[in-house]
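First comes the structure, then the notes that go with it.
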Amino acid sequence: MTDQIIFTFPLAFYYESKLPVPIDEIVKSLVALEKLAAKVPLLLGELSGTSIDLHSLKVEKIESGSLKELLEMSISFLSEEEKEKFKVWLRGTKMGQATKIAAVGGIASLAVLLIASQAITAYDTFTKTDTPSIQANHNVIINIGAEATGVSAQRLTEALDASMSGDKKKVVAAALNFVSPAAGENGGGLFVGKDKGSGISFSHQAATDAPAQADFRVRDTEIRYQKTEVVIKVLDRDKVDTGWRATLPTVAAEKRLPLHFASGVPGKAATEERIFADIVVTYAQDFNKGSMIPKSILVERIY
Numbered sequence: 001m002t003d004q005i006i007f008t009f010p011l012a013f014y015y016e017s018k019l020p021v022p023i024d025e026i027v028k029s030l031v032a033l034e035k036l037a038a039k040v041p042l043l044l045g046e047l048s049g050t051s052i053d054l055h056s057l058k059v060e061k062i063e064s065g066s067l068k069e070l071l072e073m074s075i076s077f078l079s080e081e082e083k084e085k086f087k088v089w090l091r092g093t094k095m096g097q098a099t100k101i102a103a104v105g106g107i108a109s110l111a112v113l114l115i116a117s118q119a120i121t122a123y124d125t126f127t128k129t130d131t132p133s134i135q136a137n138h139n140v141i142i143n144i145g146a147e148a149t150g151v152s153a154q155r156l157t158e159a160l161d162a163s164m165s166g167d168k169k170k171v172v173a174a175a176l177n178f179v180s181p182a183a184g185e186n187g188g189g190l191f192v193g194k195d196k197g198s199g200i201s202f203s204h205q206a207a208t209d210a211p212a213q214a215d216f217r218v219r220d221t222e223i224r225y226q227k228t229e230v231v232i233k234v235l236d237r238d239k240v241d242t243g244w245r246a247t248l249p250t251v252a253a254e255k256r257l258p259l260h261f262a263s264g265v266p267g268k269a270a271t272e273e274r275i276f277a278d279i280v281v282t283y284a285q286d287f288n289k290g291s292m293i294p295k296s297i298l299v300e301r302i303y
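Taken in order, the sequence shown gives residues 1 to 303; the numbers are from the UniProt record's numbering.
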């Protein structure tokens with residue numbers, strides 16, 4: 001068996017707290033950290049242009065009181081060339097240099113915090129809550145991350161989105177559990193590093209305002225379109241409320257959607273294959289895909 005090509009990072013997180021953190025909260029945060037850490041190689045691979053896998057995550061030390069979690073993360077590469085390419089990229093970033101931030105936590109710790117903040121903020125936006133503390137804190141973390149890794153905030157956001165590919169719901173659940181010890185009246189900020197020295201944190205207010213758990217029940221939203229082409233594929237002249245299906249060439253050309261009418265007989269829709277109408281399209285929001293899926297059409301007026 002070929003020896004694996006490994007690169008190891010330190011990880012360090014500090015939860016400021018007025019009282020010792022309960023054991024169940026510590027366990028929950030560590031399990032969540034393990035799940036978030038699995039996304040770090042994807043993020044670093046996106047930024048460095050290399051193919052990386054997670055090799056291991058080990059706990060070195062945990063201190064109670066204000067909770068300190070000190071860990072070691074190892075990532076693996078397919079070749080020495082890939083590893084060298086990654087090291088060259090890392091040395092070119094501020095996080096790879098002998099800076100204060102690098103010393104207290106390093107790029108892997110910042111990457112975990114970035115992924116957690118991105119996930120929580122994406123959920124906050126999805127629910128249309130737009131919590132000021134969460135949104136503002138995320139902007140700060142993104143700007144710090146962009147400067148530390150030498151990319152634009154937009155590029156970093158794109159890389160974060162790519163790293164969360166798959167079941168984003170699980171990433172959100174892990175992120176909420178990861179920051180939860182920083183919430184509540186006894187909590188403080190969650191800092192990258194062994195103490196507050198880095199100044200990089202998921203704030204106490206943001207952690208407190210974040211929900212204890214996510215609710216991914218499907219949310220519908222309605223969008224109105226005026227004088228839009230409707231192509232009728234299936235109809236039932238004896239009924240108005242059921243049995244009709246149509247496509248929308250400019251909105252949903254490939255999908256046959258249930259077609260309903262606001263009032264009375266559908267008029268020329270019963271005799272013509274194509275009509276132009278004012279319509280309301282109902283969409284279901286798909287968090288994993290980050291998109292809205294059309295569900296049905298309501299015709300309000302036919303031209």
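Ideal Cβ positions, reconstructed from N, Cα and C, are used throughout, including at glycine.
Runs of the beta strand (DSSP E) lying entirely within the stretch 57–143 and spanning at least 3 residues, in chain order: 67–77. For Leu-259, the enclosing beta strand (DSSP E) begins and ends at 252–261. Under DSSP, Ala-284 forms a beta bridge with Asp-220, Ile-293. Within the stretch 143–169, the alpha helix (DSSP H) runs of at least 4 residues that lie entirely inside it are, in chain order, 153–163.
In this structure the stretch 235–250 does not lie against the stretch 198–216, because fewer than three pairs of beta carbons, one per stretch, are closer than 8 Å. Taking C-alpha positions only, Ala-146 is separated from Ala-153 by approximately 5 Å. DSSP places Glu-185 outside any beta strand (DSSP E), giving it a letter other than H or E. In the DSSP annotation of this structure, the continuous segment of the beta strand (DSSP E) that includes Ile-6 starts and ends at 5–17. Under DSSP, Glu-229 forms a beta bridge with Phe-276.
Under DSSP, Ser-29 forms no beta bridge with any residue.
Between the stretch 4–13 and the stretch 107–119 there are three or more inter-stretch CB-CB distances shorter than 8 Å, so the stretches are counted as touching. It is roughly 19 Å from the alpha-carbon of Tyr-15 to the alpha-carbon of Ala-119. In the DSSP secondary-structure assignment, Leu-54 is bridged to Ile-75. Ranked by Cα distance from Ile-134, the options Gln-4, Ala-210, Tyr-225, Tyr-283 are led by Ala-210. A straight line joining the alpha-carbon of Gly-197 with that of Gly-188 spans about 14 Å.
Of the other Cβ atoms in all chains shown, fewer than 16 fall within 10 Å of the Cβ of Thr-242; this residue is therefore exposed. Spanning the alpha carbons of Thr-129 and Asn-177 requires a straight line of approximately 19 Å. Distance check between Gly-193 and each of Pro-41, Ile-62, Asp-24 places Ile-62 closest, using alpha-carbon atoms only.
Note on Leu-78: under 16 other CB atoms within 10 angstroms of its CB, so exposed under the neighbour-count rule. DSSP places Leu-248 within a strand segment (E or B) once states are collapsed to three.
Between Ala-214 and Ala-182, the beta carbon gap of about 17 Å keeps them out of contact (Cβ cut-off 8 Å). No residue range can be given for Asp-215, since it is assigned to no alpha helix (DSSP H) and is classified by DSSP as neither H nor E. With respect to the 7 Å criterion, Ala-270 and Val-299 are not classified as neighbours on the basis of their beta carbons.
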